[in-house]
Amino acid sequence: IGRWHHVRGLLSTGGSGPSAAPLFQMLWGRLDIQANGTIRLRDEELASLRPARRFLQILEEEVPKTPAEVEQHLRYYSLTDAPLPPTEFDRLLFTSVYSAYQVRSMQGLDKAPWIGFFSQLVDEIFRDLCKGLCPANTTLLQASWPWKENAI
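Basically this note's numbering = 1-based index in the sequence shown + 12.
The following block contains the structure:
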């Protein structure tokens, strides 16, 4: 719960209470991530909001962009037994967003590694959320992921 409050606080509009609305607006077709790494918001009004600027800053400066960088971060996450600090959790979460956009923008076999990264990143998000909360030796998710069914 604390992690979601951190993300909500980071992306809130500053109104009467925290809101994830700017995040969802950015993710719902207004965020443009090009294959060359260029990141921008198509909606200039939304882009002028402080939460949107912070979101773009995280995507531009803190999120790994190359397969080698993503693999390095995945190794780090998989070796970490304690819950990630909020800034690292943000990086993990937004790296999954970046990977999803790469899947959408790539063609053919170029998207295969990004599909794998997205799957692993989502697994790490759930694993991190479960740290210290789930009973020992249990799996957070028993259902298979649809994109993993062909990998077995």
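Every residue, glycine too, gets a C-beta built ideally from N, C-alpha and C.
*Along the chain, which unbroken stretches of the alpha helix (DSSP H) at least 4 residues long are found entirely within the region 94-151?*
Counting whole runs of 4 or more residues, the region 94-151 contains the alpha helix (DSSP H) stretches 98-117, 124-142.
*Residues that DSSP places opposite Arg-52 in a beta bridge*: Along the sequence shown, one-based indexing puts residue 52 at 40. DSSP output for Arg-52 lists Asp-44 as bridge partner(s).
*Terminal residues of the continuous alpha helix (DSSP H) containing Ser-90?*
Along the sequence shown, one-based indexing puts residue 90 at 78. For Ser-90, the enclosing alpha helix (DSSP H) covers residues 79-91.
_Terminal residues of the alpha helix (DSSP H) in which Pro-63 lies_ = Looking up residue 63 in the sequence shown gives position 51. Start and end: 62-69.
*asked:* Quick test of the definition: if touching needs 3 or more C-beta pairs under 8 Å, does the region 57-64 touch the region 121-135?
replied: The region 57-64, when compared against the region 121-135, does not touch it at the 8 Å Cβ threshold.
*Count the other CB atoms within 10 Å of the CB of Leu-96; is the residue buried (16 or more) or exposed (fewer)?*
To locate residue 96, count along the sequence shown from 1; it is residue 84. Answer is buried; the Cβ neighbour count reaches 16.
*Go ahead and label Gly-49 buried or exposed: buried means 16 or more other beta carbons lie within 10 angstroms of its beta carbon, across all protein chains shown.*
Position 37 of the sequence shown holds residue 49. With fewer than 16 other Cβ atoms within 10 Å, it is exposed.
_Neighbour-count burial assignment, Ala-64, 16 or more Cβ in a 10 Å radius_ = Reading the sequence shown from its first residue, position 52 is the one you call residue 64. Buried, since its Cβ has 16 or more Cβ neighbours within 10 Å.
*Mind reading off the beta-carbon distance from Leu-104 to Asp-55? Whole number of angstroms is fine, and I expect it under 8 Å.*
Against the sequence shown, residue 104 aligns to sequence position 92. Against the sequence shown, residue 55 aligns to sequence position 43. The Cβ separation is near 26 Å, so there is no contact.
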